[in-house]
Every structure is written in C-alpha cells, then in structure tokens.
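Q: There's a structure below that I have some questions on.
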Amino acid sequence: YIFCTCGSRVTVLEISTGKVVHSVEHDDQEDITSFALSCDDELLVTASRALLLKQWDWRQAQCTRSWRAIHTVPVASMTFDSTSTLLATGGCDGTIKLWDVVKQYCTHNLKGSSGVIHLVQFHPDISRLQLFSSSLDCGIRLWDLRSSQCVCVLQSHYSAVTSLSFSPDGGTMVSSGRDNICTVWDLESRKAKRTVPVYEVRLKWFASRIVPNLCLCVLPHSPPPPSLSPSPLGILRVWEASTARCVYTQTLTTDADSRSLMYLLHLPASSRLATVTAEHNILLYQLPDLTTQQQFVGYSDEVLDVKFLGKDDSHIVVATNSSQLKVFDLLTNSCQILYGHTDTVFSLDVFKKGFLFASCAKDRSVCVWQMDSGSGQVCCVARGSGHSNAVGSITCSKMKASFIVSGSQDCTVKVWDLPADVTATGLGVHQLTARTTEKAHEKDVNSVAVSPNDKLLASGSQDRTAKLWSLAGEGNLGLLGVFRGHRRGVWTVCFSPVDQVLASSSADGTTKLWSLQDFSCLKTFEGHDASVLKVIFVSRGTQLLTSGSDGLVKLWTIKTNECVKTLDGHQDKVWGLHGSRRDDRMVTGSADSNITVWVDVTEVELAEEQAKREDQILKQQELFNLLQEKKYLKALGLAISLDQPHTVLTVIKAIRQAEDSSELLEKTVLKLRVDQKESLLQYCAVWNTNARNCQDAQVVLQVLLTHVPPEELLQYQGARNHLEGLIPYTERHMQRIGRLLQASMFLNYMWQKMRVAGGV
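Under the working numbering, residues 1 to 760 are what the sequence shown spells out, in order.
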C-alpha cells in the first residue's frame, strides 16, 4: 500500500490494483499537515491545522484515539521509532514532542531548535535512544532521549536538510540538502567522513536513501533560463557510499521523458523505488535497472479531453491542463505518462481500431501516437507543426488511418496525410506536412469533425457558424455550405453515424441538428443553463449526449426532443465526453479534476422492470386466489408486501363482507407482524381522507386502538404523524354524520306525520 495526503484526508492506495481501498478524514475538515505510519504497519497518526492528533485503525477507517498536540502551531513532521511505541512530532514552534502511543502520554519536550522542525527521525537502533532533527538553522541535532538534551549539532550543510538515511549497521548516516551536497557521517565519532558535491545548478529538492553499500539520490533541476538548452528535470543516480563515486545514472528514453522528482522511498521487500513528482504523480521503478514499472497520477488538474483507447476500450487517454498525456488502464488504474508536447494539450481523437490516436496542443503542433496491442505501451509515431497559433481541435479519418485534420486559433484548418508505414515499428517519429491549409473562419476554430465516409469535413468556430467542406478532392478543401443560427460561438460539431445530419453545440446553451442537404436547422435542444461544450451521437444515432459548463451531462431522444436523463456527477465544466465503440459506456472529464466512466444500464433497467411487472402479475393472481379461498391473513400480508394501499383496501372490504366480519377482521389484523401493522396504520391515514373509504379506515383503527397498547403503538414508525393526520378528517366525518343523522330524523318525522294523515 501507499499512503498519500489529500487535503483533510489520507488515502490508502493498493499498488497491485491502483485503487484507493481506504480513506481517513478529519471531522473538522482541516488540512492534514503531517502523518506517520508505524513500522509494524498497524498505526496511522495524523496531525491537522487544528492542532489535533488522531490515531487511526486505517484498515477499518476508524479513529481509535485523538488528543490535542501541545504544540502552539501546526505539526510539520512526525515519525515512529522502530518499536512502534514512540512517536516524535516536530512543530513549527521549534519544539519536538515525544509520545508514548501505548500508555498515551507525552514523554519528552525537546527545546532548542530555531524555526520549523521539518525533519525528525529516530536512530534505527532503539537501544541508543537517539533522535535526529533538522530545522531552518541547517544543522542536524542529535538528541539523547535519556537526558532529553541535545548532545551535538552536526554542521555541514548551508541550506535546509531534506533527508536522512542510515546504514543497516546504524554506524553511518547520509544527509542531503538543498545546497547540492550529500554528506556521509560517522555516527561513532559524530564527524563528517566525506562531503559529496552533486554539481547540479538550481537544485530544487534532494533526497537520498541507503541500500546495502549504495546510496540512491534524486537530482531534480529547475528549468534553465531561455538562453540555455533544456536539461532533464529528474534523474536517479546511484552512488557508492564508501568512495562517494557515482556508479550509475538513469538513462531517459527521450529528451522529453522528464519529470521533477520531489521524494524517493526505497521498498526493500519488492526491490523497488517509489518516487513522487512535482505534478503529484507516483512512479515505481524496479531495481537494479531502474526501469519504470508503474505510474499513478495523484492530481489531474483541469481535464480538457478524454477518449477511450485500446482493445475493447480497455484504456482511456486524458488531456489535462498540462503538456503531458496520461493513459490509464481502466482495470488496474495504472497510468502511463506520455511526453511529446511542450505546452498544454487541448484535444484528442482516436482512429477506428482504437490503437492509434492524435493530439494537438498550445505549442502549435499535432502528434500521432500508437499503442502496442500486446504490452499496452504508447509511443509517438508522427509529429507535425505549421499552425501560427495554438491548435485547439483535431479529428481523425474514420474509415482507415490515412489523415488527420486540425483546427487552430489562427482561423485555419489543416489536413495532414499520414504515411502508409506510420504504424510500423522501429522507424522513429515521422514528420508530417500539411496536404492543404484553408482559412476556414473569421475567428478561432473550436471543433472539426470528419464524416463516417471520410468525404466531408465540418468545422465549428467562435464566429457563431459551422461550415461543411468537401474532402473528396486531392487539392484544397471545398466549401459546401454554412450553418447559421447559433447566437454565440460553436463549441463542437459531430456527424451522425447513420443519417445525413450534423449536430452542433454552442455557448448559447443550445444544441442543434442540421440537414446536410439544405443546411437548415431540423431540431433545437434546450436544457443546459450554460454553454454546451460537447455533443456526441449514441444509441445508433437515435440519441444525443451533451455536456455543459453547468457540470451536467444530458441524454436526449432525437425523435421527441425530450431530455430523458440528466447526470450530475461533476461540479464544474465537463470538457471531455466520449462514447465507447460498443456504445455501452461513456467517459466524461471535467474541470473539477474528476474522470467518470458511465455504463449504459438501459437494458438492465428494462429487464428489471419486466421482471418486476411479471412478479406483480403473479402476486396479483396469488392474491385473487387467496381471496377466493378466504385465506384473508395471507391475502392481507401479501397485499401489504406489494405496497399497494388500494389492494389492501380491497382485502379489508372483502373481510367486512364475510360472516362475523368484526371478529374476523380483529383476528386477522392482530396476527400481522409489527412492520405490517405500521404499514396498515399508514394506509388508514390515507383512506380516512376519503368519505367513501373512511368507514373501512375507522374499523381498522378501532381494532388497533383497542387491542394495541398506546406505548407500543407510539413506537410504530411515523405513528404520531399518522394519528395527528387522522384527527381532523375524523372530526370532519363525525360532523358530516351528525348532519346526516339530523336530516334523517327530520325525514323520519315527516314520514310518520304523512302516514297519520293518510290513515285519516
């Protein structure tokens, strides 16, 4: 497992599956400033900005203990000793507290450091009872826990010390810092054995770890000034501890395959290294050859586009607010980071077979990438440049991998032919040249789309129009027509897979369907409260999916113009929307950094509804049979289980029509279970609102109120509300009956008088 902080949470990532299996969070929603896991992997302790320490059973995600940190400001660092009984916390107030986590009390309060204690670490040999710490004074303090005194300060660094590591025998320590220096210390004499300058300029961070006889170092760099050529942003190096000689330097596959490494962790059990990059990615390397084994993305920033990829859509490729592309395996959540662009990637599109896809970016270039069908590895196979401004949209040919089309903020559309051997391995990166360039619009081209037969091209622009072009000729694009009607810029255009219609979405909040024959608007779909950013056809062209700036995804039936489903799984603009080739899934990517895979459950819901209807019919037939056999108790229980008040009322009426109805009703109602009596009381409150059914309700109420104790009756769910609702209608029924009684007495009197008169 890997433990990672994320705001007020600590998430537990399972390495084998790439899934978050546990998560613990502070109730006060305060950010976690530091956390530590015990050496036996049982205890997790977190510290928040609210100066609260919490001890967790992380497997159950339960807080087992919490206490106030004695620090006056937040805790900046913490660590456990090798026995998992002592916890050291370093605060921003310059003090160090030691806690006995078993007996639950503070054992030491170490003072003397200046500034923030950003590093605390126990000596691995607990019998020495030594603690090392470092603060802003650049020294390494050695504390004797028997006397609670600082016995010495190891001075070698001229900047903050970022990491300490000990040899297996505990006699040697290596420290690293932001001053580009790695120092090897003899802990017996407490003196520096040697100082190793790394000779790297503008070092942002430095970390080291000792493995047997070797020291592994992370050497990230800051970007060089514009006058210098770019250098790698992250290199792993292996040093021999005894001679301070670099014995191995990691070789990067390409100049662009670079990353700024901020942290290094040795995993001895699996002979791997875990590194954390400045972009919050976790990379696992296999020792001893330092090959990349797994990659996990911790933060995606704003997701600009997402597409399904690979056989059976087993992967997704994601463009975020970054120059890097990320390819996720949907089964394991493992990620492959692709380096090729030098600025933000805006748009993606995938060829028909799913193993070849194209990207375009703010760096004015387009790239074509290929996924290996066996290993799943992705590499760049072609690159082209020629636009004079950022390339905001791209689309691929639909029938075969023969060309791509790009639309740019320079108002032009370019068609790029792909070489026939673009998918062949070992040929390097092909350089693409544009077959044709056309000034398509007066403003930015936001979207381009190729028809299913590769003969037509549609473009949508910020100038509020969409245009249809002919791709049949070998020369320039031929303009066939203009679609006008949107009141604001057009974000997306998409061809129907079956009909000669084009869908477009706009910043005016509408989606329109256009005829390719006469360029007229056939239908307009309104429902989003903001810009409609993407639109695609689903269900074999009979439905539309749209996503908008309101964070909603809507499903529309084209025939009826009706929105049949609204999905609110995002909190911000939904830029990415793509359907799988089997039309059974879709994926969305949003500015809220979330990527969601949706599954089409239409057939499942229809099957469930059909099964439910069949079950209802069978139960209705069984109920009819029970009533015919006068098995009223089973009939009443079955009617209540169907949750149909009218059916239950039918059974009550049938019981009241039988012989000895009062006794039979009383016997039947009292034999019901408590939950069935609760439902019956609820139904009575409903029946009592209708004058035609009030007598049946009152008869049942009489049985319940007469034979069920008030204490038990009040324990029924919602009993108080039901009884309060019965009172006004019952009073109204009594008043009505009183009026009827008075009227009947008057009629009876008149009838008697008429009989007397008739006899005379």
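Here a beta-carbon is modelled for each residue, glycine too, at the ideal position from N, C-alpha and C.
#1: Could you tell me the boundaries of the beta strand (DSSP E) in which TRP369 lies?
#2: From the DSSP output, which residues share a beta bridge with ASP301?
#3: Decide if the segment 651 to 671 is in contact with the segment 624 to 642; the criterion is three or more beta carbon pairs, one per stretch, under 8 Å apart.
#4: What are the residues that DSSP puts in a beta bridge with TRP416?
#5: If I measure Cβ to Cβ from LEU331 and keep anything under 7 Å in the same chain, skipping five residues before and after, which residues do I get?
#6: Taking 8 Å as the threshold (beta carbon to beta carbon), is ILE617 in contact with chain D?
#7: In the DSSP assignment, find the beta strand (DSSP E) that holds ASN109 and state where it starts and stops.
#8: Just checking my contact of THR292 with SER322 at CB under 8 Å: how many whole Å lie between their CB atoms?
#9: Is it buried or exposed for LYS455, if we count other Cβ within 10 angstroms and need 16 for buried?
#10: For a test of the three-state rule: what should DSSP assign to GLN377, helix, strand or coil?
#11: Could you tell me the alpha carbon to alpha carbon distance between GLY527 and SER461, rounded to whole angstroms?
#12: Suppose you measure from the CA of PRO230 to the CA of LEU129; what does that come to, to the nearest Å?
#13: Under DSSP, the beta strand (DSSP E) around PHE351 begins and ends at which residues?
#14: Given a threshold of 16 other Cβ atoms within 10 Å of its Cβ, counted over all protein chains shown, does HIS71 qualify as buried or as exposed?
#15: For HIS387, which residues from the same chain have a beta carbon less than 6 Å from its beta carbon, with the 5 sequence-adjacent residues on both sides left out?
#16: With 16 as the cutoff for other CB atoms within 10 Å, does GLY374 come out buried or exposed?
#17: Excluding the five sequence neighbours on either side, which residues of its own chain have a C-beta within less than 6 Å of the C-beta of ALA390, listed in chain order?
#18: Please name the residue, chosen from PRO728, LYS326 and GLY392, that lies closest to TRP369 on a Cα-to-Cα basis.
#19: Using a Cβ-Cβ cut-off of 7 Å (strictly less than) and excluding sequence neighbours within five positions of ARG484, which residues of its own chain qualify?
#20: Determine whether the beta carbon atoms of GLY489 and SER506 lie at a separation below 8 Å.
#21: Ordered along the chain, which non-local residues of its own chain (more than five positions away) have a Cβ less than 6 Å from that of SER662?
#22: Give me the Cβ distance between ASP305 and GLY589, rounded to the nearest whole Å; I'm assuming they're in contact under 8 Å.
#23: Please identify the residue among VAL297, MET173 and ASP169 whose C-alpha is closest to the C-alpha of VAL161.
#24: Suppose contacts are defined by Cβ-Cβ distances below 8 Å. Is PHE35 in contact with THR46 by that definition?
#25: With distances taken between CB atoms, is the gap from GLY112 to CYS150 smaller than 8 Å?
#26: Distance, Cα to Cα, LEU477 vs LEU457?
#27: For a minimum of 3 consecutive residues, which ranges assigned as the beta strand (DSSP E) are wholly contained in the segment 554 to 619?
#28: Taking 8 Å as the cut-off, does the segment 535 to 543 touch the segment 579 to 587 (at least 3 CB pairs, one atom from each stretch)?
#29: Among SER159, GLN155 and LEU131, which residue has its Cα nearest to the Cα of ARG146?
#30: In the DSSP output, what is LEU533 paired with across the bridge?
#31: Please report the distance separating the alpha-carbon of THR79 from that of SER547.
#32: Determine whether the beta carbon atoms of VAL101 and LEU37 lie at a separation below 8 Å.
#33: Is the segment 74 to 92 touching the segment 48 to 56 in the sense that three or more CB pairs, one from each, lie closer than 8 Å?
#34: Can the beta-carbon of GLN294 be found closer than 8 Å to that of LEU287?
#35: Put HIS733 into one of helix, strand or coil per three-state DSSP.
A: According to the structure data:
#1: That run of the beta strand (DSSP E) goes 365 to 371.
#2: None; ASP301 has no bridge partner.
#3: A contact exists between the segment 651 to 671 and the segment 624 to 642.
#4: Note: TRP416 is bridge-paired with ILE404 and ALA434 in the DSSP secondary-structure output.
#5: Counting only Cβ-Cβ distances below 7 Å, and skipping sequence neighbours, we find SER314.
#6: Judged by its chain identifiers, the structure shown contains no chain D, having just a single protein chain.
#7: Residues 105 to 110.
#8: That belief does not hold up - the Cβ atoms of THR292 and SER322 are roughly 18 Å apart, past 8 Å.
#9: Result: exposed.
#10: Secondary structure of GLN377 (DSSP, three-state): coil.
#11: Approximately 22 Å, taken between the alpha carbons.
#12: With a pLDDT of 23 at PRO230, under the threshold of 50, the modelled position of this residue cannot be trusted, and the question is left open.
#13: Careful: PHE351 lies outside any beta strand (DSSP E) and carries neither H nor E.
#14: A residue is called buried when at least 16 other Cβ atoms come within 10 angstroms of its Cβ; HIS71 meets this threshold and is buried.
#15: Closer than 6 Å at Cβ, skipping near neighbours: ARG364, SER408 and ASP410.
#16: The residue in question, GLY374, is exposed, as its Cβ has fewer than 16 Cβ neighbours within 10 Å.
#17: Closer than 6 Å at Cβ, skipping near neighbours: LYS362 and GLN409.
#18: Taking only the C-alpha atoms, the option nearest TRP369 is LYS326.
#19: For ARG484, same chain residues with a beta-carbon under 7 Å away, outside a window of 5 residues either side, are THR465 in chain order.
#20: Cβ distance < 8 Å, so GLY489 and SER506 count as in contact.
#21: Correct list: empty, nothing qualifies.
#22: Sure, about 7 Å apart at Cβ, within 8 Å.
#23: Looking from the CA of VAL161, the closest CA among VAL297, MET173 and ASP169 belongs to MET173.
#24: Yes. Within cutoff.
#25: Result yes, Cβ atoms of GLY112 and CYS150 sit closer than 8 Å.
#26: Whole-angstrom Cα-Cα distance: 9 Å.
#27: Taking only runs of at least 3 residues, the beta strand (DSSP E) segments lying wholly in the segment 554 to 619 are 562 to 567, 574 to 579, 585 to 590 and 595 to 599.
#28: Yes: at least three Cβ pairs fall under 8 Å.
#29: Measuring from the Cα of ARG146, the nearest candidate turns out to be LEU131.
#30: Secondary-structure assignment with DSSP links LEU533 through no beta bridge to anything.
#31: Each residue's alpha carbon lies about 46 Å from the other.
#32: For VAL101 and LEU37, no; Cβs fall outside 8 Å.
#33: Three or more Cβ pairs drawn from the segment 48 to 56 and the segment 74 to 92 lie within less than 8 Å of each other, which places the two stretches in contact.
#34: Not in contact: GLN294 and LEU287 (Cβ atoms no closer than 8 Å).
#35: In the structure shown, the three-state DSSP call for HIS733 is helix.
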